[in-house]
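Residue numbers (our numbering), protein chains in the order written: chain A, 1 to 262; chain B, 263 to 501.
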């Protein structure tokens, strides 16, 4: 939970701003972002399209350069991609010529063979894909492929797992199942998670803290603690209250539709 | 169907609808091939043709791979070389023959040069455009795992481009067969192309047709080898 371990920071984002320039005009994608994330915390970043949430994730992943401010992973500044951070994209982005097993092994080349095989077996089982080790990505369903992508990202023992709308392309039922899976994996691995989404319900179901971002320029509007016990009831009253309050952040002056329920 | 056609052809030739000196019966052509094989002529001609194909294709495909890889990976090289190569590509194959004869003489090197040129373009084009179109999302995955330079090429770009590369190799081989005919028709004392000219000079249609059939069989055979190798390497697609 938040607050208890501010001295034990997994990630510190300090005054991060980023501008995209094109043909003389420039666009503030992120302005003065500050965020502290504790070890083992589950953070969801919620915002509409264009609020810079993906850019923030890519900065943490080390894929975006040329930003102002600093990002620290533990005590070390982030200076590029690294195996200490796993990244899961919206699309599974598995390499089509590698099997499930080989895809999971993609990032871990420097282990002895026996240890590596054991390691991979652990992650295959963790994401529930036993018996599919030798399948190729095109033989898998969307949900299964995304599980492999999560296993691949976790296999390098990252301190931080970054997920960029990982379930956005899945159908509603698969998405709910994957959210449960992710929580189960998190409870086993205790990896710090940052998940970017535009789905408010997903954030309420998953997060310890929800970071709400607003666009043009991308800023953090509010950070909400979610003090609900897990497993969470998707239809609980407190959850509905929380959703209402988040909903107001996005649609301040509009009528909240009565039927916004699951 | 094809078998029926051959029988039909045989019958028409036998009863004399097709004149025997212009379109001999299939059995006559088979007999011609058999005779050529027995006298050793067949091996002499197909051997040299296959050797020219082998060396020329190897040379053209190697140069095509190197330049294609360079222009596919380095944008500057692509901008400098690609427009030139694209315009050279449009020159008809026969137009090169006089120049190659002048530069490389009438011996083997001009023939092999011509075949290499034919094999070069498809290999170059497919590899170069394939490499510059590798899904940037997959390259980004490589970057996430800190792959750069050689390792990125070996583990992401090459496997991604392999299907296009094999398409290039196969059409390069097809063009090599077309160019070997051109080269051997021009000036050769051995080879299947020479055998055709010889058949024409001596008025033996069966020899010409035998050469045509041998070209078809050998061309298909070498293509089959590449297809099998490609299918093995690209197993993941068909599984």
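Positions of the beta carbon are idealized from the N, C-alpha and C atoms, including for glycine. Note that this is a predicted model, so its numbers are computed, not measured.
Among the options, nearest to residue i - alpha-carbon criterion
{"i": "residue 65 (chain A)", "options": "A:19, A:100 and A:46", "result": "A:19"}
{"i": "residue 59 (chain A)", "options": "A:135, A:39 and A:86", "result": "A:86"}
{"i": "residue 444 (chain B)", "options": "B:357, B:366 and B:418", "result": "B:357"}
{"i": "residue 155 (chain A)", "options": "A:196, A:74 and A:88", "result": "A:88"}
{"i": "residue 133 (chain A)", "options": "A:47, A:195 and A:102", "result": "A:102"}
{"i": "residue 232 (chain A)", "options": "A:223, A:218, A:97 and A:205", "result": "A:205"}
{"i": "residue 143 (chain A)", "options": "A:201, A:29, A:117 and A:175", "result": "A:175"}
{"i": "residue 379 (chain B)", "options": "B:484, B:278, B:442 and B:458", "result": "B:442"}
{"i": "residue 27 (chain A)", "options": "A:75, A:67 and A:179", "result": "A:67"}
{"i": "residue 290 (chain B)", "options": "B:336, B:376, B:475 and B:436", "result": "B:475"}
{"i": "residue 215 (chain A)", "options": "A:31, A:122, A:196 and A:22", "result": "A:31"}
Bridge partners - residue i, DSSP secondary structure assignment
{"i": "residue 76 (chain A)", "result": "A:73"}
{"i": "residue 283 (chain B)", "result": "Answer is none; residue 283 (chain B) lacks a bridge partner."}
{"i": "residue 164 (chain A)", "result": "A:196"}
{"i": "residue 219 (chain A)", "result": "A:214"}
{"i": "residue 405 (chain B)", "result": "For residue 405 (chain B), which the question treats as bridged, DSSP gives no partner whatsoever."}
{"i": "residue 296 (chain B)", "result": "None; residue 296 (chain B) has no bridge partner."}
{"i": "residue 225 (chain A)", "result": "A:209"}
{"i": "residue 12 (chain A)", "result": "A:36 and A:72"}
{"i": "residue 22 (chain A)", "result": "A:25"}
{"i": "residue 301 (chain B)", "result": "None; residue 301 (chain B) has no bridge partner."}
{"i": "residue 17 (chain A)", "result": "A:68"}
Neighbour-count burial assignment, residue i, 16 or more Cβ in a 10 Å radius
{"i": "residue 62 (chain A)", "result": "buried"}
{"i": "residue 53 (chain A)", "result": "buried"}
{"i": "residue 298 (chain B)", "result": "buried"}
{"i": "residue 157 (chain A)", "result": "exposed"}
{"i": "residue 369 (chain B)", "result": "exposed"}
{"i": "residue 330 (chain B)", "result": "buried"}
{"i": "residue 118 (chain A)", "result": "exposed"}
{"i": "residue 164 (chain A)", "result": "buried"}
{"i": "residue 455 (chain B)", "result": "buried"}
{"i": "residue 338 (chain B)", "result": "exposed"}
{"i": "residue 388 (chain B)", "result": "buried"}
{"i": "residue 213 (chain A)", "result": "buried"}
{"i": "residue 220 (chain A)", "result": "buried"}
{"i": "residue 413 (chain B)", "result": "exposed"}
{"i": "residue 301 (chain B)", "result": "exposed"}
{"i": "residue 384 (chain B)", "result": "buried"}
{"i": "residue 149 (chain A)", "result": "buried"}
Proximal residues to residue i (C-beta, below 6 Å), its chain only, five neighbours per side dropped
{"i": "residue 392 (chain B)", "result": "423 and 426"}
{"i": "residue 481 (chain B)", "result": "439"}
{"i": "residue 280 (chain B)", "result": "274"}
{"i": "residue 446 (chain B)", "result": "453, 455 and 456"}
Cβ neighbours of residue i in the same chain (closer than 8 Å, five flanking residues each side left out)
{"i": "residue 409 (chain B)", "result": "417 and 418"}
{"i": "residue 172 (chain A)", "result": "none"}
{"i": "residue 5 (chain A)", "result": "In this prediction, residue 5 (chain A) scores a pLDDT of 41, lower than 50, which makes its location untrustworthy; no coordinate-derived value is stated."}
{"i": "residue 236 (chain A)", "result": "228"}
{"i": "residue 71 (chain A)", "result": "11, 12, 13, 14, 16, 59, 60, 77 and 78"}
{"i": "residue 467 (chain B)", "result": "283, 284, 285, 286 and 461"}
{"i": "residue 114 (chain A)", "result": "none"}
{"i": "residue 179 (chain A)", "result": "167, 202, 205 and 206"}
{"i": "residue 131 (chain A)", "result": "none"}
{"i": "residue 308 (chain B)", "result": "454, 476 and 480"}
{"i": "residue 488 (chain B)", "result": "428, 431, 432 and 435"}
Nonlocal neighbours in the same chain, by C-beta distance under 7 Å from residue i, ignoring five residues either side
{"i": "residue 126 (chain A)", "result": "151, 185 and 188"}
{"i": "residue 1 (chain A)", "result": "Annotation note: pLDDT 42 at residue 1 (chain A) (below 50); position unreliable, coordinate value reported separately. So the qualifying residues of the chain are 208."}
{"i": "residue 469 (chain B)", "result": "294, 457, 460 and 461"}
{"i": "residue 366 (chain B)", "result": "372 and 375"}
Where are the alpha helix (DSSP H) runs, 4 residues long or more, that stay fully inside the stretch 28-87 of chain A, in chain order?
-> Secondary structure in the stretch 28-87 of chain A: the alpha helix (DSSP H) runs of 4 residues or longer, each lying completely within the stretch, are 53-61 in chain order.
Alpha helix (DSSP H) runs wholly inside the stretch 354-378 of chain B, at least 4 long, in chain order | The qualifying runs are 355-366.
What runs of the alpha helix (DSSP H), each 4 residues or longer, lie entirely inside the stretch 124-161 of chain A?
-> Along the stretch 124-161 of chain A, the alpha helix (DSSP H) occurs as fully enclosed runs of 4 or more residues at 142-154, listed in sequence order.
Ordered list of alpha helix (DSSP H) runs contained in the stretch 410-494 of chain B, each at least 4 residues = As far as the stretch 410-494 of chain B is concerned, its whole alpha helix (DSSP H) runs of at least 4 residues are 411-414, 420-448 and 454-463.
What residue ranges within the stretch 302-335 of chain B form continuous alpha helix (DSSP H) runs of no fewer than 4 residues, ordered along the chain?
-> If we require 4 residues or more, the alpha helix (DSSP H) runs fully inside the stretch 302-335 of chain B come out as 303-335.
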